[in-house]
Amino acid sequence: MRLKSIKLAGFKSFVDATTVPFPRAMTAVVGPNGCGKSNIIDAVRWVLGESSAKNLRGDAMTDVIFNGSSGRKPVSQASVELVFDNSDGTATGPVAQYAEIAVKRLVTRDGQSQYFMNGSRCRRRDITDIFLGTGLGPRSYAIIEQGMISRLIESRPQELRVFIEEAAGISKYKERRKETENRIRHTRDNLERLTDVREELGQQLDKLRRQADAARRYRDYKHQERTAKGQLAALRYRRYQDAITSLNGEIRHFETELERFIAQSRGDEKAMVALKETQHDAKGQIEQAQSRYYRLGSEIARAEQNLANAKSRKAQLDEQLARLQQRAEQARLTLSEDQQRQQEADEELEMLTPELDEYQEQLAEARLNREGLENQHRAQQQALAARLQRQGQLQTRLQVLATRIDNLGANIQRDHQRLAGFVGQDDDALLAVKEQLAEQQALAEEHQEALALAEMDHQQGQSDLKAAREQLKTQTEVHRQAERALDTQQSRIQQLSALIDAAAPKESVAGLDELPALLAQLQVQAPWHQAVEQVLGSWLQARVGDYGPFLDVTQPALLVRPGAHQPSPASLGAQVQSPVPLPWLDRVRTAPDREAAKALGASLGPGESVICPDGFWLGADFLATAPAAGQGLSLVADLEALQGQLPALQQELDQASGQLAQAEAALAQAEQQLQQLASQQQQAQQRQQESRQQLAILQARAGDLDAQAKARQQERAQLQEAIADQELEQAELMEERLMLEEEAEQGDEHQPVDDLEPQLQDARALEEQLRGQAQQLQIRFETLKSRRQSLAESCQRAAMQVEEVSEQLEALLEEQQLLDEPGQEQGSQLEIWLEEHKEVEERLTVLNQQMADIDERMALLEDGQAAAFAKVQSMQGEIDRRRVEIEGHKVRSDGAREQLDELEQDIDAVLASLEDQNEEALAKDIDRLVNAIARLGAINLAAIEEFEQQAERKKYLDEQDADLNAALETLENAIRKIDRETRAKFKDTFDVVNADLQRLFPKVFGGGSAYLELTGDDLLDTGVTIMARPPGKRNATIHLLSGGEKALTALSLVFAIFRLNPAPFCMLDEVDAPLDDANVERYCRLVREMSDSVQFIYISHNKVAMEMADQLTGVTMHEPGVSRIVAVDIEQAVALAEAG
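Below, the structure is given as structure tokens:
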């Protein structure tokens, strides 16, 4: 098996779909630094199941997805596929049958990986299982990456042991041992849980047994109670029905009396109707009279009121006229006085205005003079204060700067010490946890995939079980139908046989019963059975045999002698095969139907006749219709047909029985398989849960360490930034201090300040004096101005008052004139209304008297009606009371009926079964049963069925316990066997590899020695160390060797392992980098020698190594961030060069 090609898409820098072929035994991958050569090695490790992002030169597993470049966008997934040529059949396991094996891994941005084998989805474990023991794996000796050479030599003994185990092919044994240990642990856990369940189940069974016994007694008591309750309900139902019948008779009597009283009251109702009509008419007349009476009274009252109002209004108008005339005179006098005072105020205002203007001008000049002096004085004071304040600020700032400079120096020294402390810290713990996290994440993914497959298998098992049950149901129905068809057929055969036996004659002559009947010897073609029966008639019951011995018998007998006879072709005899001659059938011609028979009837000769299949027989001088159905010949034909079908039905039944047995076996197998799949699913869920818990713990630990590392890194950066800022600030502050000291020394002397205070005080006094005089004049001016305005408003109000009073006087005079005109008209109209009002009052008195007579007659009739209504109500109450009683009896009767329905008992059957029972005795029996049930206490009715189920489950668990113990013993034996084989294989492989290393090392180095050594005695867990001494050196440890010597030593060990167990291919990533030219040539010769059995794919920058290759594969990065492949076949290139 060898590597045929690698297909990459979206993996790291290989964004486009790229295929890297490996047609030769030695392929060199070349290219400049950073072009993506090592990504090919990473791709192979990744597909083979690498779970650590650190080992793939990343921080997270999604880092392998192309993350974009300057000209490309990021992609959403990455995939790598390895194609192996397995034409030699070296692969084992489920892929051994394939000539080509394709292994693929795909990852998306959500971090979920998917594995495929030959296009089918699989688990990571399935991939690793294929290559177990072959030397291939994510961290095997077949893939030597950059830096791995030195790590291989300097690795711990346990790590170096892994390479020996892989070479020995016992890695799969370790994996199986690990699985077996897990199974043993799970089996023991299951045994413990099973033991607990069995003990608890045994306790439950004891309790359920007692509960089941109580439940059975409870059922018996409840049955007796239900029967007694049914009988009691039936007795009560019958009693309620009798009461209902009696009450219905009483109701019919009361209803007869009620109808008589109702008829009597109907005559009084007619009289009341007539009186009500008369009363209605009288009320209408009274209402009209009252309406007219009240309307006239209202008009009279309104007219009288109007006259009184007119007199009162006229007196008011006279008083108002007098008051208004007086007000008008007073308003004219007030107007004249206000106009005189307003003229005096105008004259005084004209005199004050020039004097006020003069004082205002003097005050403005004094204000300007005072403001100028104040500005000069303020400027002098501010300049003096500023100089004094600046001197104080300089002294304070100098003190602050000195203190700040000292503090910064101390802070810088402290931060330098803290930064030096940070430099010594490392992130080994974080790297270790991340590596564990990656491994645990891969294990969790593997368990998740295993759980998904287990769930799919369990679902498939459920589907198979369902299908098996459906198949069993179908086959059961088919078998049942086949049995039913066979039983039906046999029953019909028995019935026909019985009919034939019943139709056979009972011979009274000795010896005739031993002869066969003619009926059983004839074979008639369809459909001529009825025709043959019609013609032969009683001859069908004749016996076939020699009738010589029976010639002298006196009892009735009918026999025919066997013999040969050739029937006429167109006769009825041609339709019959018979062991005896039947010549009389030759004279009977056949016709398909009655019309054809009638047509042949005219051409019949003497002694000839014609017959139809339905038995219509026509002769020259006779006619016979069809015989009765069910004659012997038809029965025999039916019997033969049924017996002919019987083997086929029996065959169908046998086939259905076989299929039913197969379906039952398939169902049992499906149930057993589903049980196994459920157990596997449970184990997978438990493993997944454990992996998730461990993953969560590692994720939390990694998160804590990562946060601590980021915090330390951030704090370190902050300290460096703070030191730089403090040093810069310290330099700036020292420069500022020098400048401030120079400014303080060069400060000017205080300039003299002119004394402007006396001039300022004189200006302020003059301004205050002028302001006081001007304010007094202004107050006087404003007072006069306000008085003049008030007088003007007073004059205006007086004028308006005079005008208003004049208008009111005119209006009152007009209203007085209007009041004198309508008084006479209202007086005459009032007299007319008073006369009419008296007449309407007299008419109303007469109508009220008539109404009183009608009311009296109505009262007499109503009293009679009330008495009749009371009697009717009394009778109706009696009827209603009895109907209520009936309803109560019906409700109780329905309750008894419903109780019987709830008890699922038929009332007629219960009533028929009643003999001398009475309600009191039945009630006592029910109380006794209820007390007996109560003494039983709480009852678990499901205890009987639950006891049976739990007993069955206990039996099943006991069987499981035995199976688990047997499985545990088997697993422990397997562990011991694996340990024996592991020790043997490891020891043999160690010895062979050690011997080969001792031969290869001098060959590679040109001398010296190297050997492997075990660190312990237990071959199951002992470590492996390597010791190498190049020619002329006596080093005490391998760590003292140079880089080139370590590289050659590691290659010697790897090639020694390869010579023992060659992997399908070997990938070397710049392992020749630390070697000089001479050692490179030795390395190349060794690789060339081993390429006969091992396929080599190596990355190199060395020209000597490149010349050794059969195939050159170049990796370029013409487009930034995107790798591409260029392949050259060396032999073809040489051939082309020589041809040219």
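The sequence shown maps to residues 1 to 1140 in the UniProt record's numbering.
Beta carbons: idealized from backbone N, C-alpha and C, even for Gly.
Return the first residue and the last residue of the alpha helix (DSSP H) that LYS598 is part of.
Counted from its first residue, the sequence shown places residue 598 at position 598. Start and end: 594-601.
Given that a residue counts as buried once 16 or more other Cβ atoms are within 10 Å of its Cβ, and exposed if not, what is SER609?
If you number the sequence shown from 1, residue 609 lands on position 609. By the neighbour-count rule (16 or more Cβ atoms within 10 Å), SER609 is buried.
Taking the straight line between their C-alpha atoms, what separation do you get for GLY658 and VAL576?
Here residue 658 is taken as the residue at index 658 of the sequence shown, counted from 1. Here residue 576 is taken as the residue at index 576 of the sequence shown, counted from 1. Distance between the alpha carbons of GLY658 and VAL576: 42 Å.
Can you tell me which residues form a DSSP beta bridge with ALA517?
The residue you call residue 517 lines up with position 517 of the sequence shown. Beta-bridge pairing links ALA517 to ARG543.
Counting only the same chain and skipping the five closest in sequence on each side, list residues whose C-beta sits under 7 Å from that of ALA1109.
As a position in the sequence shown, residue 1109 is number 1109, starting the count at 1. Once the five neighbours on either side are set aside, the close Cβ partners of ALA1109 are MET26, THR27, ALA28 and ILE1130.
Have a look at ALA591, GLN490, HIS447 and VAL802 and flag the residue whose alpha-carbon is nearest the alpha-carbon of GLN689.
As a working mapping, residue 689 is identified with position 689 in the sequence shown. Nearest option by C-alpha distance: HIS447.
In this structure, does DSSP put GLU1013 in helix, strand or coil?
Position 1013 of the sequence shown, counted from the start, is the residue given in the question as residue 1013. Residue state, collapsed to three classes: strand.
Under the assumption that LYS1046 contacts ILE153 (Cβ atoms under 8 Å), give the Cβ distance between them as a whole number of angstroms.
Counting from 1 along the sequence shown, the entry for residue 1046 is found at position 1046. Counting from 1 along the sequence shown, the entry for residue 153 is found at position 153. The pair is a contact, with the Cβ atoms about 5 Å apart (cut-off 8 Å).
Tell me the rounded alpha-carbon separation between THR180 and GLN1095.
One-based indexing of the sequence shown puts residue 180 at position 180. One-based indexing of the sequence shown puts residue 1095 at position 1095. Roughly 35 Å separates the two Cα atoms.
Can you name the start and end residues of the alpha helix (DSSP H) that GLN1111 belongs to?
Indexing the sequence shown from 1 puts residue 1111 at position 1111. From DSSP, GLN1111 is part of no alpha helix (DSSP H) but of the beta strand (DSSP E) over 1111-1116.
What did DSSP end up calling residue 1141 once you bin it into helix, strand or coil?
The chain is shown from 1 up to 1140; residue 1141 falls before or after that span and cannot be answered.
Who are the near neighbours of ILE164 in its chain, counting only those whose CB is closer than 7 Å to its CB and skipping five residues on each side?
Here residue 164 refers to the residue found at position 164 of the sequence shown. Contacts found: PHE986, THR989, PHE990, VAL993 and VAL1024.
At 4 residues or longer, what runs of the alpha helix (DSSP H) sit wholly inside the segment 125-162?
Counting only runs of 4 or more, we get 148-154.
Among all the DSSP beta bridges, which residues are the ones paired with ARG121?
Position 121 of the sequence shown, counting from 1, holds the residue named residue 121. DSSP lists PHE116 as partners of ARG121.
Look at the alpha carbon of ILE1026 and the alpha carbon of GLU1089, and state the distance between them as a whole number of angstroms.
In the sequence shown, counting from the first residue as 1, residue 1026 sits at position 1026. In the sequence shown, counting from the first residue as 1, residue 1089 sits at position 1089. Going by the C-alpha atoms only, they are around 24 Å apart.
What whole-angstrom Cβ distance do HIS1101 and GLU1070 have, given they're in contact under 8 Å?
The residue given as residue 1101 occupies position 1101 in the sequence shown. The residue given as residue 1070 occupies position 1070 in the sequence shown. Indeed, because the Cβ distance is near 7 Å, the residues count as touching under 8 Å.
Output yes or no for whether 8 Å exceeds the beta carbon distance between LEU600 and ARG492.
By 1-based counting over the sequence shown, the position of residue 600 is 600. By 1-based counting over the sequence shown, the position of residue 492 is 492. The answer is no: Cβ separation not under 8 Å.
Pull up the CB-CB distance for CYS35 and SER1123, whole angstroms please, since I reckon it's below 8 Å.
Your numbering for residue 35 matches position 35 in the sequence shown. Your numbering for residue 1123 matches position 1123 in the sequence shown. Right, the Cβ-Cβ distance comes to about 6 Å (below 8 Å), so this counts as a contact.
What three-state label does DSSP hand ARG587 in the structure shown?
Locating residue 587 in the sequence shown gives position 587, counting from the first residue. Coil at ARG587, not helix or strand.
Got a sec? Which residues, its chain only, sit under 7 Å from ILE40 by beta carbon, not counting five neighbours each side?
On the sequence shown, position 40 is the one that residue 40 refers to. Hits under 7 Å: ILE6, VAL20 and VAL29.
Determine the extent of the beta strand (DSSP E) in which ARG953 is found, giving its start and end residues.
If you number the sequence shown from 1, residue 953 lands on position 953. Unbroken run through ARG953 is the alpha helix (DSSP H), 943-1005; no beta strand (DSSP E).
Leaving aside the five residues before and after GLU841 along the sequence, list all residues of the same chain whose C-beta is less than 8 Å from its C-beta, in chain order.
As a first step, residue 841 is located in the sequence shown; it is residue number 841 there, counting from the start. Once the five neighbours on either side are set aside, the close Cβ partners of GLU841 are TYR293.
Considering Cα atoms alone, identify which of ILE854, GLN530, ARG561 and ASN67 is closest to VAL544.
For this step, residue 544 is matched to residue 544 along the sequence shown. The candidate whose alpha carbon is nearest that of VAL544 is ARG561.
Classify GLY71: buried if its beta carbon has 16 or more other beta carbons within 10 angstroms, exposed otherwise.
Locating residue 71 in the sequence shown gives position 71, counting from the first residue. That one is exposed.
So what does DSSP say about GLN905, is it helix, strand or coil?
Indexing the sequence shown from 1 puts residue 905 at position 905. The answer is coil: DSSP assigns GLN905 none of H, G, I, E or B.
Helix, strand or coil: how does DSSP classify GLY58 here?
Numbered from its first residue, the sequence shown carries residue 58 at position 58. Three-state DSSP puts GLY58 in coil, outside helix and strand.
Is the distance from the Cβ of THR134 to the Cβ of ALA717 below 8 Å?
Looking up residue 134 in the sequence shown gives position 134. Looking up residue 717 in the sequence shown gives position 717. Contact flag unset, no.
What is the rounded straight-line gap between the Cα of THR982 and the Cα of ALA452?
Position 982 of the sequence shown, counted from the start, is the residue given in the question as residue 982. Position 452 of the sequence shown, counted from the start, is the residue given in the question as residue 452. Distance between the alpha carbons of THR982 and ALA452: 32 Å.
To which residues does DSSP link ALA923 through a beta bridge?
Residue mapping note: residue 923 aligns to position 923 of the sequence shown, counting from 1. ALA923 is not bridged to any residue.
Let me know if MET800 comes out buried or exposed under the rule of 16 or more other beta-carbons within 10 Å of its beta-carbon.
Reading the sequence shown from its first residue, position 800 is the one you call residue 800. Burial call: exposed.
Does the beta-carbon of SER79 have 16 or more other beta-carbons within 10 angstroms, so that it is buried, or is it exposed?
Along the sequence shown, read from residue 1 onward, the residue named residue 79 stands at position 79. Buried, by the Cβ-count rule.
Give a yes or no on whether the C-beta atoms belonging to ARG236 and GLU856 are separated by under 8 Å.
By one-based count along the sequence shown, residue 236 stands at place 236. By one-based count along the sequence shown, residue 856 stands at place 856. Not a contact, by the Cβ cut-off of 8 Å.
Who are the near neighbours of ALA450 in its chain, counting only those whose CB is closer than 8 Å to its CB and skipping five residues on each side?
Position 450 of the sequence shown, counted from the start, is the residue given in the question as residue 450. Here the set comprises ARG123, ARG125, ALA684, ARG687 and GLN688.
DSSP on LYS207, reduced to helix/strand/coil?
Here residue 207 corresponds to residue number 207 of the sequence shown, with the count starting at 1. Reduced to three states, the DSSP call for LYS207 is helix.
Shortest alpha-carbon distance to residue 1151 belongs to which of ALA243, ALA308, THR18 and THR62?
Nothing can be reported for residue 1151, as the shown portion of the chain is limited to 1 through 1140.
Evaluate contact between the segment 929-946 and the segment 202-222, counting only Cβ atoms and requiring at least three cross-stretch pairs below 8 Å.
Yes, the segment 929-946 touches the segment 202-222.
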